[in-house]
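Peer 1: After the structure tokens below, expect a handful of questions from me.
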Amino acid sequence: MVPYKIWVMSFIIAGAILGGIIPGVTTTKTAIACPLYCLQVEYMTCPSSGDNKLPPRCNCCLAPKNCTLHLSDSTTIHCSK
């Protein structure tokens with residue numbers, strides 16, 4: 667009977683670790699890699715800042731979601747992700 671209880675407790679603990687219930691114990695998560703290139707961005711605008719010109723970011727991977735990058739050649743790139 668004792669080996670059965672140990673087996674059941676092992677499954678409960680493993681489930682708690684995988685479910686994130688036990689603090690301090692984490693499972694691996696997928697990281698998002700940003701491309702290593704920098705566009706010629708003059709400034710950036712975001713809906714949260716209104717019409718304010720914000721400091722430029724190299725590309726959409728580094729810019730906040732729903733912001734627009736204004737390039738030096740007068741084109742724009744909308745960052746949807």
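Positions in the sequence shown are counted from 1; adding 666 to them yields the working numbering. Glycine included, each C-beta is placed from N, C-alpha and C at the ideal position.
What residue range is occupied by the uninterrupted beta strand (DSSP E) comprising Leu737?
Peer 2: Per DSSP, Leu737 belongs to the beta strand (DSSP E) from 733-737.
Peer 1: Using the Cβ count rule (16 or more neighbours within 10 Å means buried), how would you classify Met675?
Peer 2: By the neighbour-count rule (16 or more Cβ atoms within 10 Å), Met675 is not buried but exposed.
Peer 1: Using only alpha-carbon positions, find the residue among Lys731, Ile678, Ser740 that is nearest to Pro713.
Peer 2: The candidate whose alpha carbon is nearest that of Pro713 is Lys731.
Peer 1: In the DSSP assignment, what are the bridge partners of Ile743?
Peer 2: Ile743 is bridged to Leu735.
Peer 1: By the 10 Å Cβ neighbour count, where 16 or more other Cβ atoms means buried, how is Ala697 classified, buried or exposed?
Peer 2: Result: exposed.
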